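**Student:**
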Amino acid sequence: MSETINAFQMAQRQFDGVAKQLNLDPQVSEILRMPLREFKFQIPVRMDDGSIRSFTGYRVQHNDARGPHKGGIRFHPSETLDTVRALAMWMTWKCSVADIPLGGGKGGVPVDSATLSISEKERLCRGWVQQMWKNIGPRNDVPAPDVGTTPQMMGWMMDEYSKLVGHYTPGVITGKPLGGGGSLGRTEATGYGAIYTVREAMKHLKMDPTKCVAAMQGFGNVTQYASIGFKEILGGKVACVSCWDNQDKTSYTYSHKDGVDPKFLQSITDQYGTINKDKARAAGYVIEDGDAWITKEADVLMPGALEGQVNAETIKKMSSRVKIVAEGANGPTTPEADDFFKKNNIFNIPDFLANAGGVTCSYFESVQNDMNYYWTKAEVLERLDTKMTQAFHSVLEMSESEKVYMRDAAYMVAIARVVKAMELRGWI
Ligand code: GLU
Numbered sequence: 057m058s059e060t061i062n063a064f065q066m067a068q069r070q071f072d073g074v075a076k077q078l079n080l081d082p083q084v085s086e087i088l089r090m091p092l093r094e095f096k097f098q099i100p101v102r103m104d105d106g107s108i109r110s111f112t113g114y115r116v117q118h119n120d121a122r123g124p125h126k127g128g129i130r131f132h133p134s135e136t137l138d139t140v141r142a143l144a145m146w147m148t149w150k151c152s153v154a155d156i157p158l159g160g161g162k163g164g165v166p167v168d169s170a171t172l173s174i175s176e177k178e179r180l181c182r183g184w185v186q187q188m189w190k191n192i193g194p195r196n197d198v199p200a201p202d203v204g205t206t207p208q209m210m211g212w213m214m215d216e217y218s219k220l221v222g223h224y225t226p227g228v229i230t231g232k233p234l235g236g237g238g239s240l241g242r243t244e245a246t247g248y249g250a251i252y253t254v255r256e257a258m259k260h261l262k263m264d265p266t267k268c269v270a271a272m273q274g275f276g277n278v279t280q281y282a283s284i285g286f287k288e289i290l291g292g293k294v295a296c297v298s299c300w301d302n303q304d305k306t307s308y309t310y311s312h313k314d315g316v317d318p319k320f321l322q323s324i325t326d327q328y329g330t331i332n333k334d335k336a337r338a339a340g341y342v343i344e345d346g347d348a349w350i351t352k353e354a355d356v357l358m359p360g361a362l363e364g365q366v367n368a369e370t371i372k373k374m375s376s377r378v379k380i381v382a383e384g385a386n387g388p389t390t391p392e393a394d395d396f397f398k399k400n401n402i403f404n405i406p407d408f409l410a411n412a413g414g415v416t417c418s419y420f421e422s423v424q425n426d427m428n429y430y431w432t433k434a435e436v437l438e439r440l441d442t443k444m445t446q447a448f449h450s451v452l453e454m455s456e457s458e459k460v461y462m463r464d465a466a467y468m469v470a471i472a473r474v475v476k477a478m479e480l481r482g483w484i
């Protein structure tokens, strides 16, 4: 993230630009450019050595006009109230653009979870719920995983909530483990969802995916499955992925002359998400610095890590071959980089459209929890494909009819639906 702009300012700047284009009533904009509710609390946790450490917890509920607040909980050392606000706001637009009946929310704890033992993590997760349980719930606000949080953590959180309310309530949280109220397909959902939108973008741009190369940033849940999907669903080649290295506290880019094999890389990734460099080298991988991913000759770029990674500095190194930027991460592109894409006619699949697959599958998970009846993986992925394809085309149509950039079109579709729901409920 550049020093001059933080994620929340960036989210508000994007919103303000579109609110102006839409001629939105300033009184309505005022409601939407700030979250409806914010929680900040302390979570005292007994550490394994007997000491007590107090963590800060956040939950921001941006808007619930279309349905219960929805959005992940992030455990990351650089988490701040402003990143959580931005991410909560983006969740409102994400659920709206995907046309699922949910609003926006996000939570976080500034912590490096790799420094905690398993039992400390469990106590922190349970502590988060102890502070928030009165303000979350299946009809109110439904958290999920995000950066630094896992299905196991969601399982603990669901268990804590169920104990506090006195009955089994799987629908309070999504992204739960399989067999513990989770849905088949949830693990693949964000990455595959992004690939479905890339497939539709390629059809629109008349590109043959089997002749295309992608360069991806990150190797967390999103990029792992986006890279598998790019190869297996589209038949393309993935030039590189990048990955945070937990020992060296920096990231590296992993490329291979024949394209990377994501399943092999998954098999040599440890529980903290670090790829084993020796094993990668032995298998012929070239390891470069973390920014090298953006310099690769590729038709598709997929930033799939944190905010602000595609910015005025990094785009200078981008190859002129790039035609599509599909944003697997939330908020990876700064407004300066957006201007560059517009000028250079680079097709953007904005974050809250490209990565909406995760929350869409979370929605399916809560529907299955409510029914207490579970679908097959093929059923889940087919429904996901239908939803993502519809979402992509509603944005593309808006972009063509209003002659606007894809990100602005996505905002237009999303904001219009939220405003409509606010009107219908008599809020405005
Ligand atoms: N954290 C994911 C996101 O940013 C998933 C949210 C959810 O499933 O509620 O979209």
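Going by our numbering, the residue at position 22 of the sequence shown is 78; the numbering climbs one at a time, nothing skipped. Just so you know, even glycine gets a beta-carbon here, dropped at the ideal spot from N, CA and C. This structure is a prediction, so every number in the text was calculated from the model and none was measured.
For residue 461, which beta-bridge partners are listed by DSSP?
**Tutor:** The residue given as residue 461 occupies position 405 in the sequence shown. The partner list for residue 461 (beta bridge, DSSP) is empty, contrary to what the question assumes.
**Student:** Quick check: the Cα distance between residue 342 and residue 309, rounded to an integer number of angstroms?
**Tutor:** For this step, residue 342 is matched to residue 286 along the sequence shown. For this step, residue 309 is matched to residue 253 along the sequence shown. Residue 342 and residue 309: Cα-Cα distance of roughly 8 angstroms.
**Student:** Smallest Cα separation from residue 239: which of 416, 467, 471 and 479?
**Tutor:** Counting from 1 along the sequence shown, the entry for residue 239 is found at position 183. The residue with the shortest Cα to Cα distance from residue 239 is 416.
**Student:** What's the call for residue 174, buried or exposed, on a 16-neighbour Cβ count within 10 Å?
**Tutor:** Here residue 174 corresponds to residue number 118 of the sequence shown, with the count starting at 1. Exposed, because fewer than 16 other Cβ atoms sit within 10 Å of the Cβ of residue 174.
**Student:** Could you check if residue 261 is buried or exposed, using at least 16 other CB atoms within 10 Å of its CB as the buried criterion?
**Tutor:** Here residue 261 corresponds to residue number 205 of the sequence shown, with the count starting at 1. Residue 261 should be labelled exposed.
**Student:** What residues match up with residue 294 in a beta bridge as DSSP calls it?
**Tutor:** The residue labelled residue 294 in the question sits at position 238 within the sequence shown. Note: residue 294 sits in a beta bridge opposite 270.
**Student:** Please confirm whether any heavy atom of the ligand GLU lies closer than 7 angstroms to the CB of residue 75.
**Tutor:** Taking the first residue of the sequence shown as 1, we reach residue 75 at position 19. Checking every heavy atom of the ligand GLU against the Cβ of residue 75, none is found closer than 7 angstroms.
**Student:** In three-state DSSP terms, what is residue 74?
**Tutor:** The residue given as residue 74 occupies position 18 in the sequence shown. Note: residue 74 maps to helix in three-state DSSP.
**Student:** With hydrogens ignored, establish whether the beta-carbon of residue 230 is closer than 7 angstroms to any heavy atom of the ligand GLU.
**Tutor:** Taking the sequence shown and counting its residues from 1, the one referred to as residue 230 is at position 174. Yes, the Cβ of residue 230 comes within 7 angstroms of a heavy atom of the ligand GLU.
**Student:** Per the DSSP calculation, residue 130 is bridged to which residue(s)?
**Tutor:** As a working mapping, residue 130 is identified with position 74 in the sequence shown. Bridge partners of residue 130: 164.
**Student:** In angstroms, rounded to a whole number, what distance separates the CA positions of residue 179 and residue 203?
**Tutor:** By 1-based counting over the sequence shown, the position of residue 179 is 123. By 1-based counting over the sequence shown, the position of residue 203 is 147. Roughly 18 angstroms between the two C-alpha positions.
**Student:** Alpha carbon to alpha carbon, how far is residue 150 from residue 156?
**Tutor:** By 1-based counting over the sequence shown, the position of residue 150 is 94. By 1-based counting over the sequence shown, the position of residue 156 is 100. Looking at the two C-alpha atoms, the distance is approximately 9 angstroms.
**Student:** Which same chain residues end up closer than 7 angstroms to residue 280 when comparing Cβ atoms and leaving out the 5 residues on each side of it in sequence?
**Tutor:** Your numbering for residue 280 matches position 224 in the sequence shown. Only 247, 318 and 322 meet the Cβ criterion.
**Student:** Quick check: residue 176 and residue 101, are their CB atoms within less than 8 angstroms of each other?
**Tutor:** Locating residue 176 in the sequence shown gives position 120, where the first residue counts as 1. Locating residue 101 in the sequence shown gives position 45, where the first residue counts as 1. Yes.
**Student:** Give the range of the beta strand (DSSP E) segment to which residue 345 is assigned.
**Tutor:** As a working note, residue 345 is residue 289 in the sequence shown. Start and end: 342-345.
**Student:** Counting only the same chain and skipping the five closest in sequence on each side, list residues whose C-beta sits under 6 angstroms from that of residue 414.
**Tutor:** By one-based count along the sequence shown, residue 414 stands at place 358. Result list for residue 414: 245 and 246, in chain order.
**Student:** Using the Cα positions of residue 57 and residue 367, report the straight-line distance between them to the nearest angstrom.
**Tutor:** As a working mapping, residue 57 is identified with position 1 in the sequence shown. As a working mapping, residue 367 is identified with position 311 in the sequence shown. Confidence is the limiting factor: at residue 57 the pLDDT is only 42, short of 50, which leaves the residue's position unreliable and the question unanswerable from this model.
**Student:** Under a Cβ-count criterion, where at least 16 other Cβ atoms within 10 Å of its own Cβ denotes burial, should residue 210 be classed as buried or exposed?
**Tutor:** The sequence position of residue 210 within the sequence shown is 154, counting from 1. When all chains shown are included, residue 210 counts as buried.
**Student:** Using CA atoms only, rank isn't needed, just tell me which of 183, 296, 326 and 192 is closest to residue 314.
**Tutor:** Position 258 of the sequence shown, counted from the start, is the residue given in the question as residue 314. Considering only alpha carbons, the answer is 296.
**Student:** In angstroms with no decimal places, state the Cα-to-Cα distance between residue 376 and residue 406.
**Tutor:** As a working mapping, residue 376 is identified with position 320 in the sequence shown. As a working mapping, residue 406 is identified with position 350 in the sequence shown. Approximately 20 angstroms, taken between the alpha carbons.
**Student:** Comparing the CB of residue 323 with every heavy atom of the ligand GLU, is any distance shorter than 7 angstroms?
**Tutor:** Mapped onto the sequence shown, residue 323 falls at position 267. Every heavy atom of the ligand GLU is 7 angstroms or more from the Cβ of residue 323, so no.
**Student:** Roughly how far, in whole angstroms, is the beta-carbon of residue 451 from the beta-carbon of residue 462, given that I think they are within contact range, below 8 angstroms?
**Tutor:** For this step, residue 451 is matched to residue 395 along the sequence shown. For this step, residue 462 is matched to residue 406 along the sequence shown. Yes, they are in contact, since the Cβ atoms of residue 451 and residue 462 sit about 6 angstroms apart, within 8 angstroms.
**Student:** Could you tell me whether any Cβ in chain B is nearer than 8 angstroms to the Cβ of residue 181?
**Tutor:** Judged by its chain identifiers, the structure shown contains no chain B, having just a single protein chain.
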